[in-house]
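K.L.:
Have a look at this one before I ask anything.
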Amino acid sequence: MKDIVVIGAGQAGASLCAKLRQIGYGEKLSLFGEEVFPPYQRPPLSKKYLLGEIDVERLYIRPKKFYSEQGIDLNLNSPISKIDIRKKVIYSKGNSTSFDQLIFTTGSTPRKLPNSLSQNLKNIFYVRSILDVNYMASHLVEGKKVLIIGGGYIGLEAASVCRKLGVNVKIIEMDKRILNRVSSSETANYFRELHQNNGVEILERVTLDALIGETHVEKAILSDGTQMNIDLVIAGIGVLPNDNLASESGLDIENGIKTNSLGQTSNESIWAAGDCSSFPWRGKRIRLESVQNAIDQSEIVAENILGEKKSYIPSPWFWSDQYDVKLQIAGLNTGYDQIAVRKGDRDNSVSHWYYKSGKLISVDAMNDPRSYMIGKRIIESGNTVSPIDIENPEYDLKKLIKK
Ligand SMILES: Cc1cc2nc3c(=O)[nH]c(=O)nc-3n(C[C@H](O)[C@H](O)[C@H](O)COP(=O)(O)OP(=O)(O)OC[C@H]3O[C@@H](n4cnc5c(N)ncnc54)[C@H](O)[C@@H]3O)c2cc1C
Numbered sequence: 001m002k003d004i005v006v007i008g009a010g011q012a013g014a015s016l017c018a019k020l021r022q023i024g025y026g027e028k029l030s031l032f033g034e035e036v037f038p039p040y041q042r043p044p045l046s047k048k049y050l051l052g053e054i055d056v057e058r059l060y061i062r063p064k065k066f067y068s069e070q071g072i073d074l075n076l077n078s079p080i081s082k083i084d085i086r087k088k089v090i091y092s093k094g095n096s097t098s099f100d101q102l103i104f105t106t107g108s109t110p111r112k113l114p115n116s117l118s119q120n121l122k123n124i125f126y127v128r129s130i131l132d133v134n135y136m137a138s139h140l141v142e143g144k145k146v147l148i149i150g151g152g153y154i155g156l157e158a159a160s161v162c163r164k165l166g167v168n169v170k171i172i173e174m175d176k177r178i179l180n181r182v183s184s185s186e187t188a189n190y191f192r193e194l195h196q197n198n199g200v201e202i203l204e205r206v207t208l209d210a211l212i213g214e215t216h217v218e219k220a221i222l223s224d225g226t227q228m229n230i231d232l233v234i235a236g237i238g239v240l241p242n243d244n245l246a247s248e249s250g251l252d253i254e255n256g257i258k259t260n261s262l263g264q265t266s267n268e269s270i271w272a273a274g275d276c277s278s279f280p281w282r283g284k285r286i287r288l289e290s291v292q293n294a295i296d297q298s299e300i301v302a303e304n305i306l307g308e309k310k311s312y313i314p315s316p317w318f319w320s321d322q323y324d325v326k327l328q329i330a331g332l333n334t335g336y337d338q339i340a341v342r343k344g345d346r347d348n349s350v351s352h353w354y355y356k357s358g359k360l361i362s363v364d365a366m367n368d369p370r371s372y373m374i375g376k377r378i379i380e381s382g383n384t385v386s387p388i389d390i391e392n393p394e395y396d397l398k399k400l401i402k403k
């Protein structure tokens, strides 16, 4: 095996390269990224970095020198524009690089507001990259008015930062409630109340009808007839997998770059991991957008490239920080049919336990790390715990660990 090329210098790309070196791959390894920064963590972008609490270097997954020390040829500011699969060559800025094995870790891109709404007006922001956040942060000034479009995690985290900075916030969500795609109404109610208590106005089942302004957004007109003066818009309306290059190269696409359980695409020399890829799981095909998935999946792919035959079985977990609340999620709640609610030890701590056909599949824990940790262990072990026990405050969760 020689010449492994990785496209996408983000979380999955960096993890994959590090793992390849760790498990003994000693031949040529090239990592191409279109951004100017070495691979970095995105979660703090909508949290501490946006608040100005940490420097840019703290975002880097590894110090820059790691790549040269490990003999990883890191090419930044080098978007791959074309792949010739037959000749096994990729092209960046007119230069070509050949590969034996190629991996896509191209991540995802924020869904944009349609041109009919954005009309090229300035002060419309998305939260994906360091540059996005640098650009936006200078506009988050006390007393400004922001309209946040989308009540998902990105929108809610941005709202929390804005309030800490003294920015006035209104969130609109087109669905019947915030967090509808990812959480139960119990969890949504918790976060709605949290935001309202912090002065955020949340409008559900409301869409944006128009943005008005000369060069910058000045006013928004909403579907409920509200007209409001605004200084900026933050759109958090989901992401799309970066699969265009793979699609143009003739690889199969299905909600992202389609892989088998090993991470291999429809071409046996080409692999994919992270936000850009979909993979089979429990009889269906899923695509996950989380740090844990990017790391775990890319590490499995690294092993499989070197000859293992390991199926990727995700053990999803996710977190979100809003005000003084840390939400931790274990498992996937897809298809749940029952919820058990357990009060935590502190005032605002509670956990929501999701069941499908009587079996525990996921836990949302708000300021309740113990419930999160125990729930995660139960889910990963394939065991369960009865909802009646969970709702019983006398029931000692620690018993479950001992079992
Ligand atoms: C603001 C924000 C907050 C988040 N918060 C959390 C959280 O709290 N918890 C959590 O688990 N997850 C969170 N996520 C999601 C998490 O960051 C992603 O799931 C993770 O970064 C995915 O890793 P990846 O390597 O697949 O993609 P990325 O990290 O996005 O890396 C992909 C890289 O590929 C590059 N690329 C794309 N196309 C090309 C090309 N043609 N040529 C060269 N380079 C290319 C991109 O520019 C990018 O740098 C958050 C994401 C964002 C944006």
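Residue numbers (our numbering): 1 to 403. C-beta atoms are modelled at their ideal positions from N, C-alpha and C, and glycine is treated no differently.
(1) In terms of residues, what are the limits of the beta strand (DSSP E) holding Met366?
(2) Any heavy atom of ligand 1 within a distance shorter than 7 Å of the CB on Glu248?
(3) Buried or exposed: where does Leu131 fall if 16 or more other Cβ atoms within 10 Å of its Cβ makes it buried?
(4) Indicate whether the contact test is met: 3 or more Cβ pairs, each with one atom in the region 331 to 340 and one in the region 293 to 305, closer than 8 Å.
(5) Taking the alpha helix (DSSP H) that Phe318 belongs to, which residues open and close that run?
(6) Within 10 angstroms of its Cβ, does Met228 collect 16 or more other Cβ (buried), or is it exposed?
(7) Taking 6 Å as the limit between beta carbons, can you name the residues of its chain near His451, skipping five residues before and five after?
(8) Which residue wins for smallest C-alpha separation from Leu203, given the options Met174, Gln264, Gly71, Ser96?
(9) Could you check whether the Cβ of Asn134 sits closer than 7 Å to any heavy atom belonging to ligand 1?
(10) Is it the case that the region 167 to 185 contacts the region 81 to 95, given that we only count it when at least three CB pairs across the two stretches are under 8 Å?
(11) Report buried or exposed for Ser46, applying the criterion of at least 16 other Cβ atoms within 10 angstroms of its Cβ.
(12) Where do the N-terminal and C-terminal ends of the alpha helix (DSSP H) with Asn198 fall, by residue?
(13) Report buried or exposed for Arg282, applying the criterion of at least 16 other Cβ atoms within 10 angstroms of its Cβ.
(14) Within 10 Å of its beta-carbon, does Ala210 have 16 or more other beta-carbons around it, so buried, or fewer, so exposed?
(15) Of the residues Glu248, Asp224, Val291, Gly26, which one's Cα is nearest the Cα of Pro43?
(16) How many Å lie between Asn242 and Ile124 at the Cα?
(17) What is the rounded straight-line gap between the Cα of Ala14 and the Cα of Pro39?
(18) Is Gly33 near ligand 1, in the sense that its beta carbon is under 7 Å from a heavy atom of that ligand?
(19) Under the rule that 16 or more other beta-carbon atoms within 10 Å means buried, what is Asp275, buried or exposed?
(20) Can you tell me which residues form a DSSP beta bridge with Asp84?
(21) Would you give the residue range spanned by the beta strand (DSSP E) that Ser96 belongs to?
(22) What number of angstroms, rounded off, separates the C-alpha of Ser68 from the C-alpha of Thr215?
(23) Taking 7 Å as the line, does the beta carbon of Gly274 fall inside it for any heavy atom of ligand 1?
(24) Throw me the rounded Cβ distance for the Leu388 and Asp364 pair, which I believe falls under 8 Å.
(25) Can you check whether the CB of Val127 is closer than 8 Å to the CB of Ile154?
(26) Report the option in Lys343, Gly344, Ile313, Gln322 whose CA atom is closest to the CA atom of Gly331.
(27) With H, G and I counted as helix, E and B as strand and the rest as coil, what does DSSP make of Met228?
(28) Quick one: Cα of Gly150 to Cα of Gly375, how far?
(29) Which residue or residues does DSSP assign as beta-bridge partners of His216?
(30) Assign Val200 to buried or exposed, taking buried as 16 or more other Cβ atoms, counted over all protein chains shown, within 10 Å of its Cβ.
(31) Kindly indicate which residue of Gly24, Asn134, Val239 has the alpha-carbon position closest to the one of Leu51.
(32) Output the distance between the C-alpha atoms of Leu20 and Asn383, rounded to the nearest integer angstrom.
(33) Have a look at Glu142 and Glu394 and give me their C-alpha separation to the nearest angstrom.
(34) Going along the chain, which residues of its own chain have a beta-carbon closer than 7 Å to the beta-carbon of Pro79, five neighbours each way excluded?
(35) Closer than 7 Å to a non-hydrogen atom of ligand 1 - does that hold for the CB of Ala18?
(36) In chain order, what are the residue ranges of uninterrupted beta strand (DSSP E) at least 3 long that sit wholly in the region 2 to 78?
P.N.:
Put simply:
(1) As a first step, residue 366 is located in the sequence shown; it is residue number 366 there, counting from the start. That run of the beta strand (DSSP E) goes 359 to 366.
(2) Residue 248 sits at position 248 when you count from the first residue of the sequence shown. Glu248: no, Cβ never under 7 Å from ligand 1.
(3) As a first step, residue 131 must be located in the sequence shown, where it is residue number 131. It is exposed - the Cβ of Leu131 has fewer than 16 other Cβ atoms within 10 Å.
(4) no
(5) Along the sequence shown, one-based indexing puts residue 318 at 318. Careful: Phe318 lies outside any alpha helix (DSSP H), inside the beta strand (DSSP E) at 317 to 322.
(6) As a position in the sequence shown, residue 228 is number 228, starting the count at 1. Answer is exposed; the Cβ neighbour count stays below 16.
(7) This structure does not reach residue 451, given that the chain is present from 1 up to 403, and the question cannot be answered.
(8) The count along the sequence shown starts at 1 and reaches residue 203 at position 203. For Leu203, the nearest C-alpha among the options comes from Met174.
(9) In the sequence shown, counting from the first residue as 1, residue 134 sits at position 134. The answer is no for Asn134.
(10) no
(11) Walking along the sequence shown from the start, residue 46 turns up at place 46. Buried, since its Cβ has 16 or more Cβ neighbours within 10 Å.
(12) Stepping through the sequence shown from its first residue, residue 198 is reached at position 198. In the DSSP assignment, Asn198 falls outside any alpha helix (DSSP H) and carries neither an H nor an E.
(13) As a working note, residue 282 is residue 282 in the sequence shown. Answer is exposed; the Cβ neighbour count stays below 16.
(14) One-based indexing of the sequence shown puts residue 210 at position 210. So Ala210 ends up on the exposed side.
(15) To locate residue 43, count along the sequence shown from 1; it is residue 43. Measuring from the Cα of Pro43, the nearest candidate turns out to be Val291.
(16) Along the sequence shown, read from residue 1 onward, the residue named residue 242 stands at position 242. Along the sequence shown, read from residue 1 onward, the residue named residue 124 stands at position 124. A direct Cα-to-Cα measurement between Asn242 and Ile124 gives close to 21 Å.
(17) Position 14 of the sequence shown holds residue 14. Position 39 of the sequence shown holds residue 39. The alpha-carbon atoms of Ala14 and Pro39 are separated by roughly 6 Å.
(18) Here residue 33 refers to the residue found at position 33 of the sequence shown. Yes - ligand 1 has a heavy atom lying nearer than 7 Å to the Cβ of Gly33.
(19) On the sequence shown, position 275 is the one that residue 275 refers to. Classification for Asp275: buried.
(20) Against the sequence shown, residue 84 aligns to sequence position 84. Paired residues: Val89.
(21) Reading the sequence shown from its first residue, position 96 is the one you call residue 96. Element bounds for Ser96: 95 to 98.
(22) In the sequence shown, the residue the question calls residue 68 occupies position 68. In the sequence shown, the residue the question calls residue 215 occupies position 215. About 45 Å.
(23) As a working mapping, residue 274 is identified with position 274 in the sequence shown. Yes; taking the cut-off as 7 Å, the Cβ of Gly274 has a heavy atom of ligand 1 nearer than that.
(24) Here the question's residue 388 lines up with position 388 in the sequence shown. Here the question's residue 364 lines up with position 364 in the sequence shown. First, the residue type needs correcting, since residue 388 is Ile and not Leu in the sequence shown. The Cβ separation is near 19 Å, so there is no contact.
(25) To locate residue 154, count along the sequence shown from 1; it is residue 154. To locate residue 127, count along the sequence shown from 1; it is residue 127. Judged by beta-carbon spacing, Val127 lies within the 8 Å limit of Ile154, meaning their Cβ atoms are closer than that value.
(26) Within the sequence shown, residue 331 is the residue found at index 331, counting from 1. Nearest option by C-alpha distance: Ile313.
(27) Counted from its first residue, the sequence shown places residue 228 at position 228. Strand.
(28) For the purposes of this step, residue 150 is taken as the residue at position 150 of the sequence shown. For the purposes of this step, residue 375 is taken as the residue at position 375 of the sequence shown. Straight-line Cα distance between these residues: approximately 29 Å.
(29) In the sequence shown, the residue the question calls residue 216 occupies position 216. DSSP output for His216 lists Lys122 as bridge partner(s).
(30) Numbered from its first residue, the sequence shown carries residue 200 at position 200. Its Cβ being crowded by 16 or more others within 10 Å, Val200 is buried.
(31) Within the sequence shown, the letter at position 51 stands for residue 51. In this structure, Asn134 is the residue among Gly24, Asn134, Val239 with its C-alpha nearest to the C-alpha of Leu51.
(32) Taking the sequence shown and counting its residues from 1, one reaches residue 20 at position 20. Taking the sequence shown and counting its residues from 1, one reaches residue 383 at position 383. Within the model, the alpha-carbon separation for Leu20 versus Asn383 is close to 33 Å.
(33) Working through the sequence shown from its first residue, we reach residue 142 at position 142. Working through the sequence shown from its first residue, we reach residue 394 at position 394. Looking at the two C-alpha atoms, the distance is approximately 46 Å.
(34) For the purposes of this step, residue 79 is taken as residue 79 along the sequence shown, with counting starting at 1. Here the set comprises Glu34, Ser92.
(35) Taking the first residue of the sequence shown as 1, we reach residue 18 at position 18. Because no heavy atom of ligand 1 lies under 7 Å away, the Cβ of Ala18 does not count as near it: no.
(36) 4 to 7, 29 to 32, 72 to 75
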